[in-house]
Every structure is written in structure tokens, then in C-alpha cells.
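Student:
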Amino acid sequence: RAKAEGRGSYRFYEPGMDERMQQRRAMEIDLRRALPLGQLHLVYQPKLNLQSNSLVGFEALIRWSHPQRGLVSPADFIPLAEEIGAIVNIGEWALREACRQAASWPKPVSVAVNLSPVQFRTGKILQTVSSALAYSRLEPSRLELEITEGALMEHSSAILGVLNGLRALGVRIAMDDFGTGYSSLGYLQKFPFDAIKIDRSFVRGIDTSAERRVIVRAITQLASALGMTTTAEGIETWAQLECVREEGCTDVQGYLTGRPLSREAARMLLDHRFAENSEMDLA
Ligand code: C2E
Ligand code: MG
Ligand code: MG
Ligand code: MG
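Just so you know, UniProt numbering puts 468 at position 197 of the sequence shown, and the rest follows in order with no gaps.
1) Suppose contacts are defined by Cβ-Cβ distances below 8 angstroms. Is Leu313 in contact with Glu354 by that definition?
2) Examine ligand 3 and report whether any of its heavy atoms sits within less than 7 angstroms of the Cβ of residue 257.
3) Inspect the beta-carbon positions of Val382 and Pro411 and report whether they are closer than 8 angstroms.
4) Look at the alpha carbon of Leu541 and the alpha carbon of Ser375, and state the distance between them as a whole number of angstroms.
5) Would you kindly work out how many angstroms separate the C-alpha atoms of Gln511 and Leu319, rounded to a whole number?
6) Hey, Asp470 and Cys514: beta-carbon distance below 8 angstroms or not?
7) Under 8 angstroms Cβ to Cβ from Tyr526, same chain only, skipping five residues before and after it: list those, please.
8) According to DSSP, which residues form a beta bridge with Gln310?
9) Which residue wins for smallest C-alpha separation from Leu434, given the options Glu518, Ser495, Ala352, Ile396?
10) DSSP beta-bridge partners for Trp364?
11) Note down the Cα distance separating Thr528 from Leu311, rounded to an integer number of angstroms.
12) Assuming Leu404 contacts Cys370 (C-beta within less than 8 angstroms), just tell me the rounded distance between them.
13) Give the range of the beta strand (DSSP E) segment to which Glu417 is assigned.
14) Quick one: residues in its chain with C-beta nearer than 7 angstroms to the C-beta of Ala305, no 5 flanking neighbours on either side, listed in chain order?
15) Sorry if obvious, but does the Cβ on Asp478 come closer than 7 angstroms to a heavy atom of ligand 2?
16) Around the C-beta of Asp301, are 16 or more other C-beta atoms found within 10 angstroms, so that it is buried, or is it exposed?
17) Using the three-state DSSP reduction, which class does Gly421 fall into: helix, strand or coil?
18) Would you report the Cα separation of Ala273 and Arg392, rounded to the nearest angstrom?
19) Quick check on Met539: buried or exposed, where buried means 16 or more other Cβ atoms within 10 Å of its Cβ?
20) Based on the DSSP secondary-structure assignment, which residues constitute the bridge partners of Asn385?
21) Looking at Arg438 and Ile430, is the spacing between their C-beta atoms short of 8 angstroms?
22) On the premise that Asp447 lies in contact with Thr491, defined as a C-beta separation below 8 angstroms, what is that separation, rounded to the nearest angstrom?
23) Just to confirm, are Ala365 and Val343 a CB contact at a threshold of 8 angstroms?
Right under this line is the structure:
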């Protein structure tokens, strides 16, 4: 079998390797069946605007309830799904499901969906997005697509065309996990982003680290000069919230202001918020 991995590649068989490969293979088989068996669902994490102190949208995050393993984190199965190509169908499903939910919400808040770099390689992402919009009848301006730098690094001229096409449909585009990965500032100039999501690693410790604070300030200033909004990811404490507010972030997302919610709970939050008062108590 080692030969099949490619000529000239050396593989060392340690004890436990066969078992690990078997485990991986089993996971692969399970993952391919997850979607048809209805084991995937989406949860929705609230996004709040710091100027209006109100709920402005949700990010859709995928969950896998595996019959034996229980709830498997996307961090553990998205990379495998990308490797085996299953992310294409899974991502298309997530997009449709998120659009369908958002179209049925009692208030016109936004929904953000994560796209994998692998989905860009199919060459039909534009078609996938426009058909999800048509099928759900969701107003395009209510859809935000989150992409990481990984998608931009390869074939960047083809990607540019796709991103421009997506924007022509009227959807918003956000750069996710900004500051991790390669973060070339050139990307911000070259690609038509509407928003930057500042990675949680800069938010963590922002209230005690002068350096992180300065970095966040620089990002928000750059973003606003380029006409982009900024969302601080992973806000867990009031101190962090105050810091990112002072440094000019537009929006926040994190456990402090809301954990990812089931679609029922997301709907209840919308019903409740807008029935009682539309402001969240952030001031
Ligand atoms: P992401 O897009 O950066 O999503 C944010 C992640 O941070 C989510 O993890 C969320 O639950 C977590 N998070 C949010 N607030 C906090 C906080 O205050 N503290 C901490 N410690 N964590 C927080 P999750 O749901 O496990 O998703 C992990 C990653 O998996 C996502 O990172 C995204 O890259 C990927 N992912 C999730 N759903 C999809 C999907 O439908 N398609 C694709 N391609 N990727 C997805
Ligand atoms: Mg995201
Ligand atoms: Mg993110
Ligand atoms: Mg992140």
C-alpha cells in the first residue's frame, strides 16, 4: 500500500499506524454518509453591532451528530471533508439550508456562511450561490460569505472573477480569521471584501496585551479606510468587548454575546428581541 501513496515517498510504519488508518477510513465512510443520513445540522451564532447595540445577524456553523462518536466538531471533520471532496456537497447543503432559514426569520437580519477553498476549485460556486438565493428567495444583501486566505492563495486571478461575480449578485464577502495564515495586505486591496473578521487569537488577551490592542486598532483603521466593516471574533469577556469597541470594531461575535444556537433558539431570539426591545444591553 505504501507504493500507492506515490513513488519516492517513504513511509514508516509505526505500531498503531494501521489502526489509525483504519480509523480514518471508517471516519471517511461515515462522513460520506452523514449528509444523506441527515446527521448534519446548522447552529447559528449571533452577531451584534456595537453602534446600535443590536443583533444584526447570525453565522451558520455546521455540526455533525455521529451515532457513535456524538457531536463531532467541524475543526475535526471539515479538513477531512475537504481532503475527500465531500465538502462540495456539504457546503452546498449548508448554503441552501442557511438561506432557507434566514428567509423564514421574522426579521431581515443577515446570515453568514463559511465557504471552503475547495468549493472555489469546482468552478461552479457562482451557480451554487445564485441557485441557493433563487431557491430560498432570500434577499442577496442578507447573505454574507466568509472565506479564509487559503482560498485566495491559489489561482488568485480566477478567484477575483468569482468574487466579483458574487458581489454582482448582491451578496457580501468577508475575510474570515484575518491575521492568521498569510494575511497579505495585498489581498485587501486586490479582492473586493466588505468585511474583515479579526481572528480570536488577537481578541484573546486584548485587555492585557498592549501589542494585541495596537494590532486590532491598526486592522480597524485599515478596514475603515478601505470601506470595510470589522467583526471581532471570540469575545468572551466584558473587558474584551470594551477594548474592541474602543479600538473601533464595528461588530462582535463570541460566547459573551451569544453561543451558537439551534435554529429554533435563533428564531426565538429574533421573535423575543424585536417584540420587546431591539437593543441588547451592551452599553
Ligand atoms: P470560524 O468560521 O472562524 O467560526 C468561528 C468558530 O469560533 C466557531 O467554531 C465558533 O463556535 C467559535 N467561537 C465563537 N465564539 C467563540 C468564543 O467566544 N470563544 C471560543 N473559544 N470559540 C468561539 P466551530 O463552530 O467549532 O467552527 C470551527 C470552524 O469550522 C469555523 O471557524 C469554520 O472555519 C469551520 N466551519 C464551520 N461550519 C462550516 C461550514 O459550513 N463550511 C465550512 N467550509 N467551514 C465551516
Ligand atoms: Mg466563519
Ligand atoms: Mg472565523
Ligand atoms: Mg476564527
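Each residue gets a CB set at the ideal place from its N, CA and C atoms; glycine is no exception.
Tutor: Reading from the atomic positions:
1) Residue numbering aside, residue 313 sits at position 42 when the sequence shown is read from its first letter. Residue numbering aside, residue 354 sits at position 83 when the sequence shown is read from its first letter. Not a contact, by the Cβ cut-off of 8 angstroms.
2) Since the displayed the chain opens at 272 and closes at 554, residue 257 lies outside it and no answer follows.
3) Mapped onto the sequence shown, residue 382 falls at position 111. Mapped onto the sequence shown, residue 411 falls at position 140. For the 8 angstroms CB-CB criterion, Val382 and Pro411 do not form a contact.
4) Residue numbering aside, residue 541 sits at position 270 when the sequence shown is read from its first letter. Residue numbering aside, residue 375 sits at position 104 when the sequence shown is read from its first letter. Straight through space, the alpha carbons of Ser375 and Leu541 are spaced by roughly 11 angstroms.
5) To locate residue 511, count along the sequence shown from 1; it is residue 240. To locate residue 319, count along the sequence shown from 1; it is residue 48. Using only the alpha carbons, I get a separation of about 14 angstroms.
6) To locate residue 470, count along the sequence shown from 1; it is residue 199. To locate residue 514, count along the sequence shown from 1; it is residue 243. Against a cut-off of 8 angstroms, the Cβ pair of Cys514 and Asp470 comes out as no contact.
7) Working through the sequence shown from its first residue, we reach residue 526 at position 255. Around Tyr526, the same chain offers Gly505, Ile506, Glu507 as residues with beta carbons nearer than 8 angstroms, after the five sequence neighbours per side are excluded.
8) Mapped onto the sequence shown, residue 310 falls at position 39. Answer is none; Gln310 lacks a bridge partner.
9) The count along the sequence shown starts at 1 and reaches residue 434 at position 163. Cα-wise, what sits closest to Leu434 is Ile396.
10) Taking the first residue of the sequence shown as 1, we reach residue 364 at position 93. DSSP lists no partner for Trp364.
11) In the sequence shown, counting from the first residue as 1, residue 528 sits at position 257. In the sequence shown, counting from the first residue as 1, residue 311 sits at position 40. Thr528 and Leu311 have their C-alpha atoms spaced approximately 25 angstroms apart.
12) Taking the first residue of the sequence shown as position 1, residue 404 is located at position 133. Taking the first residue of the sequence shown as position 1, residue 370 is located at position 99. Taking a contact as a CB-CB distance under 8 angstroms, the pair Leu404 and Cys370 counts as one, their CB atoms being some 6 angstroms apart.
13) Start at 1 with the first residue of the sequence shown, and residue 417 comes out as number 146. Taken as a continuous stretch (DSSP letters only), the beta strand (DSSP E) holding Glu417 covers 414–418.
14) Counting from one through the sequence shown, the residue named residue 305 turns up at place 34. Result list for Ala305: Leu311, Trp335, in chain order.
15) Here residue 478 refers to the residue found at position 207 of the sequence shown. False, no ligand heavy atom lies under 7 angstroms from that Cβ.
16) Locating residue 301 in the sequence shown gives position 30, counting from the first residue. Asp301 counts as buried, since at least 16 other C-beta atoms from the protein chains shown sit within 10 angstroms of its C-beta.
17) Within the sequence shown, numbered from 1, the residue matching residue 421 stands at position 150. Residue state, collapsed to three classes: helix.
18) Residue 273 sits at position 2 when you count from the first residue of the sequence shown. Residue 392 sits at position 121 when you count from the first residue of the sequence shown. Low per-residue confidence applies at Ala273: pLDDT is 42, beneath 50, and the placement is therefore not dependable enough to give any value.
19) The residue you call residue 539 lines up with position 268 of the sequence shown. Exposed: under 16 other Cβ atoms inside 10 Å.
20) Numbered from 1 along the sequence shown, position 114 holds the residue referred to as residue 385. In DSSP, Asn385 forms a bridge with Glu417.
21) Taking the first residue of the sequence shown as position 1, residue 430 is located at position 159. Taking the first residue of the sequence shown as position 1, residue 438 is located at position 167. Cβ distance not < 8 angstroms, so Ile430 and Arg438 don't count as in contact.
22) Locating residue 491 in the sequence shown gives position 220, counting from the first residue. Locating residue 447 in the sequence shown gives position 176, counting from the first residue. In this structure Thr491 does not touch Asp447 by the C-beta definition: roughly 16 angstroms separates them, more than the 8 angstroms allowed.
23) What you label residue 365 is simply residue 94 of the sequence shown in a count that begins at 1. What you label residue 343 is simply residue 72 of the sequence shown in a count that begins at 1. Result no, Cβ atoms of Ala365 and Val343 do not sit closer than 8 angstroms.
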